[in-house]
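Residue numbers (my numbering), protein chains in the order written: chain A, 38 to 207; chain B, 38 to 207.
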DNA sequence: ATTTATACGGAGGGTTCCTCCGTTTAGCAA
DNA sequence: TTGCTAAACGGAGGAACCCTCCGTATAAAT
């Protein structure tokens, strides 16, 4: 008897697959940030030190890659909030997180636009997911700063986030 | 003594150049409407019955072509308004023009987005130009319809236009 | 150690991009 | 008309990119 996370008698996912997937995402972040959203996928593969076939196996279309990069960065912003939560100064923590967020929006807006263009259905799902994740993140930081009495308490996480994004897109 | 429209002792611009430019624009409109904004430029050249070199001479970049097509259509909408002005029924004229405008926005939004992505500086100039041109066009039609007493008189051309465009982009 | 399901790499055929240059032609003057 | 010349034309061709396909390699399971 064995523990099988998913249905079907499938074996454990291969370690190299996971590793390569991660490498590609990292490379994509770099390349797209530098060369805009139409950068060559072969350049991404090269940067990742991976064959072009591998890239296409993990991300069958350009949009799939965009989405994965986007998701991953949102996730990382969430984790950053977790780390900052146990940091010393609440306001300083909040400030840092906001700064990171600004940078994220700035570099990814091109990709977001490209996604919006070619997007079929699941775009709203994506935005909903990321909005919720980020709201939760900023929420915890806000609460802590408010509890320490260093900022006003009448700002909702949603409003703060919306304002921030709005400003970044001018 | 000769009439020289521009400075410099340049001769009259060649007729074939103008003709080809126009052909390319017409073809671009067709091809981009059918195949989206990433359609092949060589397809445009074929459709125009023109060598690829000619296309590139007139429009050095894809964006330049986008912009020219866009401008030309705005211009044509303006002219359409002129024609409709001397048409019979004022409201009917207005209605027709609005319909044409809707169609324009619908088919060109992809191109507009692409332009916005790759746009350097002169994008605001473009939007300003087209907004003014269209406002003037709808203005004359509105006035005439209002003068005939068939519609309300408290709608400004700007508001009408903005509302229309907003609705088209949902 | 052997088996085998998975994943990897990259060659290759097709498409598009964009430049470059030899050829053609429209305007102009004699 | 004819001839001259600047301007415009066409499309071949090298480079980049896309994406598929398949022989090879390897991580997990036995």
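All residues carry an ideal CB built from backbone N, CA and C; glycine is no exception.
Distance between residue j and residue i (C-alpha atoms, nearest Å)
i, j, result
"residue 175 of chain A", "residue 60 of chain A", "28 Å"
"residue 181 of chain A", "residue 107 of chain A", "27 Å"
"residue 113 of chain B", "residue 151 of chain B", "22 Å"
"residue 72 of chain B", "residue 185 of chain B", "43 Å"
"residue 140 of chain B", "residue 68 of chain B", "16 Å"
"residue 183 of chain A", "residue 193 of chain A", "11 Å"
"residue 188 of chain B", "residue 117 of chain B", "21 Å"
"residue 84 of chain A", "residue 77 of chain B", "28 Å"
"residue 126 of chain B", "residue 191 of chain B", "20 Å"
"residue 159 of chain A", "residue 86 of chain A", "30 Å"
"residue 196 of chain A", "residue 104 of chain B", "37 Å"
"residue 56 of chain A", "residue 154 of chain B", "33 Å"
"residue 200 of chain A", "residue 135 of chain A", "11 Å"
"residue 49 of chain A", "residue 173 of chain A", "32 Å"
"residue 28 of chain A", "residue 119 of chain A", "Limits of chain A in this structure are 38 at one end and 207 at the other, which puts residue 28 of chain A out of reach."
"residue 54 of chain B", "residue 54 of chain A", "56 Å"
Spatial neighbours of residue i in its chain, beta-carbon cut-off 7 Å, leaving aside the 5 residues before and after
i, result
"residue 142 of chain B", "202, 205"
"residue 58 of chain B", "95"
"residue 133 of chain A", "121"
"residue 144 of chain B", "70"
"residue 102 of chain A", "65, 96"
"residue 81 of chain A", "61, 64, 65, 68, 92"
Unbroken alpha helix (DSSP H) run spanning residue i, endpoints
i, result
"residue 90 of chain A", "89-95"
"residue 171 of chain A", "160-184"
"residue 193 of chain B", "No alpha helix (DSSP H) holds residue 193 of chain B; DSSP gives it neither H nor E."
"residue 47 of chain A", "Run containing residue 47 of chain A: none; DSSP gives neither H nor E here."
"residue 53 of chain A", "52-72"
"residue 78 of chain A", "78-85"
"residue 104 of chain B", "99-122"
8 Å Cβ shell around residue i - same chain, five flanking residues per side excluded
i, result
"residue 122 of chain A", "130, 177, 178, 181"
"residue 171 of chain A", "111, 114, 115, 138, 198"
"residue 79 of chain A", "89"
"residue 42 of chain B", "Low local confidence applies: a pLDDT of 45 at residue 42 of chain B is under 50, so the model's placement there is unreliable, and no value is given."
"residue 162 of chain A", "none"
"residue 128 of chain B", "182, 185, 187, 188"
"residue 167 of chain B", "107, 108, 111"
Cβ-based neighbour list, residue i, same chain, cut-off 6 Å, excluding 5 preceding and 5 following
i, result
"residue 66 of chain A", "106"
"residue 74 of chain B", "147, 148, 151"
"residue 99 of chain A", "none"
"residue 164 of chain B", "none"
"residue 124 of chain B", "130"
"residue 51 of chain B", "none"
Contact test: residue i Cβ vs the ligand MG heavy atom, cutoff 7 Å
i, result
"residue 173 of chain A", "Among the components of this structure there are no ligands whatsoever, and the ligand MG is therefore not found."
Selection of the region 139-157 of chain B by Cβ proximity to chain A, strictly under 9 Å: 147, 150, 151, 153, 154, 155
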